[in-house]
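Residue numbers (the numbering used here): 2 to 363.
The beta-carbon is built from N, C-alpha and C at its ideal position, and this holds for glycine as well.
Note that the structure is predicted; figures quoted are calculated from it, not measured.
Step one of this worksheet: look at the structure below.
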Ligand code: ATP
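Here it is as structure tokens:
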């Protein structure tokens with residue numbers, strides 16, 4: 002059996018500005034109907050990657066294939082308008098002087114007037130805006146304009162959709178609904194999607210696959226669950242959520258901490274490691290709060306902390322403890338309402354199966 006051909010395949014893309022590599026050997030495959038999020042901090046090279054695929058920026062080296070056919074290398078280049086790639090950006094500027102119908106029809110180069118009108122009608126129904134077909138952009142809300150922009154981008158049935166922070170201009174309440182709606186339309190159309198974002202929440206919500214980018218390179222790639230639960234390093238944990246860090250030295254493949262011993266298999270004696278864990282994996286001992294030393298629990302030794310601050314966050318409460326052993330702050334999240342008084346003494350354990358042990362970098 003032959004392997005399925007990716008809708009989009011980029012291989013070893015590189016781009017440097019003034020001698021500085023901003024996209025450094027990036028390779029990626031996206032199948033039809035698959036949504037891949039290029040996720041990373043500002044300036045890591047996400048938009049430059051997208052621009053090269055769109056054809057508005059030339060790579061220094063590397064290739065781009067669509068459905069197995071070469072569309073660009075360093076000598077051969079299909080121009081942007083012939084790549085059958087749809088684009089959506091944060092500033093999705095509709096043409097103010099064109100009606101909604103004409104905005105959506107703008108990218109339709111082929112077909113009779115009747116066919117074009119039918120495609121426009123179909124898409125506006127899909128984004129639930131058929132009633133505005135003869136209206137103008139200024140009569141629409143931001144969210145509605147965004148849906149027209151989606152319809153416009155989809156009208157020519159692009160094989161690939163490139164989206165650069167397309168939802169960041171929308172307010173929070175609108176955003177979730179429009180994200181979900183956009184996703185289901187893109188899936189129905191079987192479009193391969195590359196979505197650029199610096200927001201982990203957005204990537205987790207939208208992506209079949211996340212490609213985590215840092216300093217011009219894809220450092221980790223996989224399903225959202227895998228990227229979140231098997232992070233590459235401390236920075237990857239911290240990129241997705243708050244992270245607590247304990248520093249410890251390894252002896253006999255074990256790292257000793259005030260929370261007990263942690264396995265550090267294969268780590269040489271004397272190496273300093275970071276033990277990293279998320280606030281939701283801290284357990285607070287409610288019953289015995291402040292009542293003397295705790296015995297070693299099955300999931301590790303308890304360490305004592307004093308509540309420094311507690312805040313209600315909506316679905317959970319965030320409690321910050323100043324730890325007895327070194328005065329550091331440790332963050333814990335607790336479902337629902339838990340707002341202990343500052344100064345309360347409590348015993349804490351951590352979910353050992355949710356801790357990551359990384360040798361210290363640098
Ligand atoms: P953001 O999320 O802030 O948009 P990004 O990850 O999309 O960031 P890029 O826009 O790809 O990052 O930029 C990567 C780096 O390349 C940045 O340091 C940027 O300043 C630099 N850069 C981008 N375009 C150019 C250019 N035309 N000339 C020089 N430097 C550029």
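Proximity test, residue i beta-carbon vs the ligand ATP heavy atom, cut-off 7 Å
i	result
residue 45	yes
residue 18	yes
residue 37	no
residue 41	yes
residue 169	no
residue 23	yes
residue 197	yes
residue 334	no
residue 49	yes
Backbone CA spacing between residue i and residue j [nearest angstrom]
i	j	result
residue 343	residue 200	32 Å
residue 299	residue 279	Residue placement at residue 299 is flagged as unreliable, the pLDDT there being 46, under the threshold of 50; a coordinate-derived value is accordingly withheld.
residue 354	residue 234	16 Å
residue 60	residue 71	14 Å
residue 326	residue 257	13 Å
residue 94	residue 138	9 Å
residue 172	residue 3	45 Å
residue 133	residue 162	24 Å
residue 114	residue 188	27 Å
residue 340	residue 122	53 Å
residue 286	residue 177	36 Å
residue 302	residue 331	16 Å
residue 167	residue 345	45 Å
residue 1	residue 347	Only positions 2 to 363 of the chain appear in the structure, and residue 1 is not among them; the question remains open.
residue 241	residue 191	29 Å
residue 51	residue 245	34 Å
Local Cβ density within 10 Å of residue i, reported as buried at 16 or more and exposed below that
i	result
residue 165	buried
residue 116	exposed
residue 230	exposed
residue 219	buried
residue 57	exposed
residue 110	exposed
residue 119	exposed
Sequence-distant residues of its chain with Cβ nearer than 6 Å to residue i (five each side left out)
i	result
residue 211	38, 40, 204, 225, 228
residue 254	265, 266
residue 296	A caution first: residue 296 carries a pLDDT of 46, below 50, which makes its placement in the model unreliable, though a value can still be read off. Here the set comprises nothing.
residue 310	321
Extent of the continuous alpha helix (DSSP H) run through residue i
i	result
residue 121	114 to 127
residue 48	47 to 55
residue 179	173 to 189
residue 225	225 to 230
residue 84	Careful: residue 84 lies outside any alpha helix (DSSP H) and carries neither H nor E.
residue 151	143 to 155
Cβ shell of residue i (< 7 Å), same chain only, five flanking positions each side left out
i	result
residue 15	22, 24, 25, 26, 60, 61, 62, 63
residue 221	213, 228, 233, 237
residue 360	268, 272, 274
residue 169	91
residue 108	153, 156, 157
residue 12	28, 63, 64
residue 144	171, 175, 179
Start and end residues, beta strand (DSSP E) containing residue i
i	result
residue 316	Segment: none, residue 316 is in no beta strand (DSSP E) and carries neither H nor E.
residue 206	Where residue 206 is concerned, there is no enclosing beta strand (DSSP E), although the alpha helix (DSSP H) it sits in stretches over 201 to 207.
residue 245	245 to 252
residue 331	330 to 336
residue 215	210 to 215
residue 103	Looking at the DSSP string, residue 103 is not in any beta strand (DSSP E); the run it does join, the alpha helix (DSSP H), is 101 to 106.
residue 235	Taken as a continuous stretch (DSSP letters only), residue 235 belongs to no beta strand (DSSP E), being part of the alpha helix (DSSP H) at 235 to 241.
heavy atom of the ligand FMN below 7 Å from residue i C-beta
i	result
residue 27	Among the ligands present in this structure, namely the ligand ATP, the ligand FMN is not found.
Chain C contact for residue i (CB, 8 Å cutoff)
i	result
residue 267	The chain labelled as chain C is not found in the depicted structure, where only one protein chain is given.
Cutoff 8 Å; reference residue i; Cβ partners in own chain excluding five residues on either side
i	result
residue 19	none
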